[in-house]
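Notes follow once the structure below has been shown.
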Amino acid sequence: MNDVRLLGTLESLFVYNGKPGHEIVQVYDAGFVDAGVYAHAQIHGHESDGAPFTVRWHDSSSFSEQAPLVPKGLLDLLKNAGLLV
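Each residue of the sequence shown is one higher than the one before, starting from 0 at the first, in numbering that gives the first Met the number 0.
This is how it looks when you write it as structure tokens:
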């Protein structure tokens with residue numbers, strides 16, 4: 000990663016699998032040193048507990064009330080930072 004900068008911090012209160020959750024989310028902008036990463040449709044990774052996850056690129060227009068970007072406030076934070084139109 001390069002050109003890392005903190006965009007903001009969001010508080011996320013949510014319910015997952017019937018249980019309440021609380022997260023403090025620090026949102027960063029950064030670039031990949033290897034620009035070839037942007038060509039991948041998916042990127043696979045692992046959580047700190049070893050659980051696998053997959054991330055995908057999405058156009059900002061794909062988010063809606065029915066398919067929101069979470070946590071709440073993230074879409075506005077990215078727009079206000081000039082990263083989305």
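Don't be surprised by glycine CBs; every beta carbon is placed ideally from N, CA and C.
If you're wondering where the values come from, they're calculated on a predicted model, not measured in any experiment.
Euclidean distance between Cα positions of residue i and residue j
i          : j          : result
residue 2  : residue 81 : 15 Å
residue 49 : residue 43 : 12 Å
residue 83 : residue 30 : 15 Å
residue 56 : residue 35 : 14 Å
Limits of the alpha helix (DSSP H) - the one that residue i falls within
i          : result
residue 79 : 73-79
Proximity to residue i [Cα-Cα], best of the options
i          : options        : result
residue 71 : 37, 10, 15, 45 : 10
residue 45 : 37, 54, 84     : 54
residue 15 : 84, 69, 64, 61 : 69
residue 25 : 78, 6, 41, 37  : 6
One or two residues paired with residue i in a DSSP bridge
i          : result
residue 62 : In DSSP, residue 62 forms no bridge with anything.
residue 54 : 42
For residue i, the first and last residue of its enclosing beta strand (DSSP E)
i          : result
residue 34 : Residue 34 -> no beta strand (DSSP E), and no H or E assigned at all.
residue 29 : 18-30
residue 47 : Taken as a continuous stretch (DSSP letters only), residue 47 belongs to no beta strand (DSSP E), as it is neither H nor E.
residue 14 : 1-15
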